[in-house]
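Below you'll find the structure, written out as structure tokens, and then a few comments.
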Amino acid sequence: MSEDENDPYDLDSGPDPAAFAAAAPEPSIDGIDGSGEDAEGSAVADAPVYAVGIGPGNPEYLTPRGRRAIREADVVVGFETVVDFVADETDADLLTCGYADEAEALSEFGRRVAAGERGTAVLMGDPNHSGYQFLGKVQRAVERPVRVIPGISSLQIAASRARTPMEDTRFVTLHKSGSLDADLDRLAEAVGERHLLVLPRPFDWMPGDIAEFLVDSGADPSLDALVLERLTHDDERITRTTLGDLRESAGGSGPDSTPYSDLSVLAVRAPVDATD
Numbered sequence: 003m004s005e006d007e008n009d010p011y012d013l014d015s016g017p018d019p020a021a022f023a024a025a026a027p028e029p030s031i032d033g034i035d036g037s038g039e040d041a042e043g044s045a046v047a048d049a050p051v052y053a054v055g056i057g058p059g060n061p062e063y064l065t066p067r068g069r070r071a072i073r074e075a076d077v078v079v080g081f082e083t084v085v086d087f088v089a090d091e092t093d094a095d096l097l098t099c100g101y102a103d104e105a106e107a108l109s110e111f112g113r114r115v116a117a118g119e120r121g122t123a124v125l126m127g128d129p130n131h132s133g134y135q136f137l138g139k140v141q142r143a144v145e146r147p148v149r150v151i152p153g154i155s156s157l158q159i160a161a162s163r164a165r166t167p168m169e170d171t172r173f174v175t176l177h178k179s180g181s182l183d184a185d186l187d188r189l190a191e192a193v194g195e196r197h198l199l200v201l202p203r204p205f206d207w208m209p210g211d212i213a214e215f216l217v218d219s220g221a222d223p224s225l226d227a228l229v230l231e232r233l234t235h236d237d238e239r240i241t242r243t244t245l246g247d248l249r250e251s252a253g254g255s256g257p258d259s260t261p262y263s264d265l266s267v268l269a270v271r272a273p274v275d276a277t278d
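Heads up: the sequence shown begins at 3 in my numbering, then just goes up one per residue.
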């Protein structure tokens with residue numbers, strides 16, 4: 003089903019593109035190796051579109067398979083801030099967008115792919131951690147199967163820096179459109195019992211706003227909190243504080259009203275008994 007730019011997704015009435023992306027497993031892609039070529043090296047007409055997680059933005063964390071899918075594409079689509087990180091990796095035409103014009107960019111991407119060009123969509127981090135809305139829109143825009151190439155997520159880096167093993171952690175992304183009520187309830191349910199790793203939503207649900215919500219929901223304000231910004235970049239910064247102190251930065255509405263970057267992860271550590 004092709005994307006109709008005159009009928010964009012309305013998250014209040016559905017369907018949520020994340021649900022569309024997760025509705026079924028990836029289809030089998032018979033006769034195609036990882037490059038979208040057959041055994042003789044010829045391009046296959048129904049070669050997949052790739053959805054590549056580019057990692058946290060440091061090119062050293064871009065996987066070789068992801069780099070190859072970007073390099074061999076004829077056309078690459080993604081949000082401008084994401085495409086900028088990989089622009090030097092490819093000679094493909096770059097279709098950049100923001101939220102306001104993503105339907106137009108994806109429609110053009112779909113037309114180019116339908117005409118036989120190799121297409122790759124790029125997403126920050128790992129699509130499996132925070133990219134399913136955009137993945138669903140890509141999948142809806144093209145007539146070919148979409149194959150995800152996972153990336154190194156900032157969540158994985160944050161878990162390492164904060165020493166919050168994934169099996170003991172509740173992860174929630176707020177970096178999406180639509181209602182966040184169910185996601186916030188999951189955080190309130192787990193805080194203090196499990197570590198939390200949270201992707202904030204710029205700029206209405208930043209680390210301070212999340213801290214305020216958790217404390218108001220009954221969380222211990224003395225819990226350790228870390229705000230991990232621009233992970234793996236030269237200007238990486240980690241703020242180590244408490245949930246109670248972090249809530250003092252709540253209430254912002256734009257980049258100038260919060261002390262934290264839009265490329266941030268919030269970690270809230272549960273108490274750990276290391277004496278056993």
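Every residue, glycine too, gets a C-beta built ideally from N, C-alpha and C. Keep in mind that this is a model prediction, so the values were computed, not measured.
Looking from the CA of ASP264, the closest CA among ARG67, MET208 and THR98 belongs to MET208.
Within the stretch 65-139, complete alpha helix (DSSP H) segments of at least 4 residues are found at 66-73, 82-88, 104-116 and 129-132, given in chain order. Secondary structure of ILE151 (DSSP, three-state): strand. Counting of Cβ neighbours within 10 angstroms places GLU104 among the buried residues, the total reaching 16 or more. Spatial neighbours of SER259 in its own chain (CB-CB distance under 8 angstroms, excluding positions within 5 residues in sequence) are listed in chain order as PHE205 and GLY253. Checking the DSSP bridge columns, you'll see THR241 partnered with VAL229. Setting aside the 5 residues that flank it on each side, PHE173 is surrounded in the same chain by LEU157 and LEU199, each with a C-beta closer than 7 angstroms to its C-beta; the list follows chain order.
Counting along the chain, the unbroken alpha helix (DSSP H) around VAL217 starts and ends at 209-218. DSSP places GLY57 in the strand class (E or B) of the three-state scheme. The continuous alpha helix (DSSP H) containing ALA192 extends over residues 183-192. Of VAL78, VAL51 and LYS178, the smallest CA-CA separation from ALA94 is found for VAL78. As the crow flies, the alpha-carbon of TYR134 is around 33 angstroms from that of ASP247. Here DSSP, grouped into helix, strand and coil, assigns PHE173 to strand. With fewer than 16 other beta carbons inside 10 angstroms of its own, TYR101 counts as exposed. ALA269 is bridged by DSSP to LEU199 and LEU228.
Three or more beta-carbon pairs separated by less than 8 angstroms link the stretch 135-142 to the stretch 18-26, which places the two stretches in contact. Judged by DSSP in its simplified three-state form, TYR52 adopts strand. Counted as a single uninterrupted DSSP element, the alpha helix (DSSP H) harbouring PRO19 occupies residues 19-23. By the neighbour-count criterion, in which a residue is buried when 16 or more other Cβ atoms sit within 10 angstroms of its Cβ, VAL54 is buried. For TYR262, the three-state secondary structure derived from DSSP is coil. Of the candidates SER219, SER162, ARG203 and ARG163, SER219 places its Cα closest to the Cα of ALA190. Distance between GLU82 and ALA276, taken at the CA atoms: about 44 angstroms. Remark: three or more beta-carbon pairs, one from each stretch, lie closer than 8 angstroms, so the stretch 54-65 and the stretch 146-165 are flagged as touching. Nearest neighbour of ARG188 by Cα position, chosen from ARG165, GLY180 and PHE215, turns out to be PHE215.
Annotation for ARG165: no alpha helix (DSSP H) segment contains it, and DSSP assigns it neither H nor E.
Under a 10 Å Cβ-count criterion, GLY127 is classified as buried, with 16 or more other Cβ atoms of the shown protein chains found around its own Cβ.
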